[in-house]
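Written out below as structure tokens is the structure these notes cover.
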Amino acid sequence: MKVNFTFRHMDSTEALKAHTEDKLERLKRFEETELNVHVIFEVEKLNKTVEFTVTSKGHTFVVSETRGDMYEAIDIGVDKLNRQISRDKSRRKHHKGHQGAVSEYIG
């Protein structure tokens, strides 16, 4: 997983990076290929915003979350991203049974 960080109107901290990478580890179970993640941290007055853009196999997922606490925004944003990717993977799954089952009834 490749993770790029952008900090707007705030200083870069290793604690935020480590916490975010820790939470994003859960997304590896959905995709067999490399995930590219771009994370944008932004502060406007009292609002802390985190935006995730995940790209994999031609699919792009974007989630934005604004909270009073940056760590809370990261947690909720990753949960939303987790649901989006999970839903997309279940839609791509083949639900029509096995090919071998069809040939057994023909012959």
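For the sequence shown, the working numbering begins at 59 and goes up steadily by one.
Beta carbons: idealized from backbone N, C-alpha and C, even for Gly.
- The beta-carbon separation of V120 and T111, rounded to 5 angstroms, stays under the 8 angstroms limit for a contact.
- Put simply, the backbone Cα of K81 is about 21 angstroms away from that of K115.
- In the structure shown, T71 adopts coil according to DSSP, grouped into three states.
- Around the C-beta of T118, fewer than 16 other C-beta atoms lie within 10 Å, and the residue is accordingly described as exposed.
- Judged by DSSP in its simplified three-state form, K81 adopts helix.
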